[in-house]
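Have a look at the structure below before the remarks.
Numbering (the working numbering), first residue to last: 133 to 374.
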């Protein structure tokens, strides 16, 4: 008997441009140059229809919309494409009352603006956006507090174990400020191998998530079991895991 697995459905900001370009084909229309002349909002609507169909057909295993968000660091997709699809997916998550699995890099102002815009349309608090800001790498208490004020949980990876200059030291300095009831631990495998493993394995995988808990426990001044239990409880509540 294998452990049950769950998944998310969404378009990563890196893939926003490709998803919008292929919207006609994905919707069952023959893709051609004419598809690229369709207004971007119409193409975004096509993408969202496909995502919603996947989610609705698989509600027993799909627990969040995403990974979605903004990445203005690498800009693998244009900012317009990223902004359009992120807002569309945020509105989908609110419509379905599902959490968002979020990505944000070098785009905090625009990220918050979209959150505020979508939430302004919410008729009650139950319809407001919620989710987890995955692979958090912020380095200031102010930035962290703004994310918490948005109602987000914070996902911490092996980045927090990386003490090399310009890496995870800033995050390690503020990580204990994350309330335990807003903390989720993760690996972001196959990336960000926890650096507190000796000898270091060659590949990062989900099984190594306990090493993130060990580092966080050190920063909080508690036992690793406390961090692990909090993260598990938070994940079960956020994603409705049974």
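Glycine residues also receive a C-beta, built at the ideal position from the N, C-alpha and C atoms.
Check                                                                                                                             : Outcome
Cβ pair count under 8 Å reaching 3, the region 171-187 against the region 234-249                                                 : no
Local Cβ density within 10 Å of residue 201, reported as buried at 16 or more and exposed below that                              : buried
Counterpart residues of residue 235 in DSSP-defined beta bridges                                                                  : 201
Where residue 265 falls: helix, strand or coil (DSSP)                                                                             : strand
Classification of residue 330 by the beta-carbon crowding that lies within 10 angstroms, buried from 16 upward                    : exposed
Own chain partners of residue 138 with C-beta closer than 7 Å, once the 5 adjacent residues on each side are dropped              : 193, 195, 371, 373
Chain-order list of residues whose beta-carbon lies under 6 Å from that of residue 237 (same chain, five-residue window excluded) : 203, 205
Residue from 306, 301, 284 with nearest C-alpha to residue 369                                                                    : 284
Cβ distance (whole Å) where residue 219 is taken to contact residue 266 below 8 Å                                                 : Not really, about 18 Å apart at Cβ, beyond 8 Å.
Close-in-space but distant-in-sequence residues of the same chain around residue 187 (CB under 6 Å, 5 per side omitted)           : 141, 194
Inside the region 300-363 only - beta strand (DSSP E) runs reaching at least 3 residues                                           : 315-317
Given residue 340 as reference, the closest of 155, 289, 351 once Cα atoms are compared                                           : 289
Bounding residues of the beta strand (DSSP E) (the contiguous stretch that carries residue 142)                                   : Looking at the DSSP string, residue 142 is not in any beta strand (DSSP E), and its letter there is neither H nor E.
Option nearest residue 172 by Cα separation, candidates 365, 145, 214                                                             : 214
Residue 285 - partner residues in DSSP beta bridges                                                                               : 264
Residue 196 - partner residues in DSSP beta bridges                                                                               : 140
Assigned secondary structure, residue 162 (DSSP; H/G/I helix, E/B strand, else coil)                                              : Interpretation of residue 162 is limited by its pLDDT of 43, a score under 50 that renders its predicted location unreliable; no figure is taken from the coordinates.
Run of the alpha helix (DSSP H) containing residue 186, from where it starts to where it stops                                    : 172-189
CB of residue 241 within 7 Å of CB of residue 223, strictly                                                                       : no
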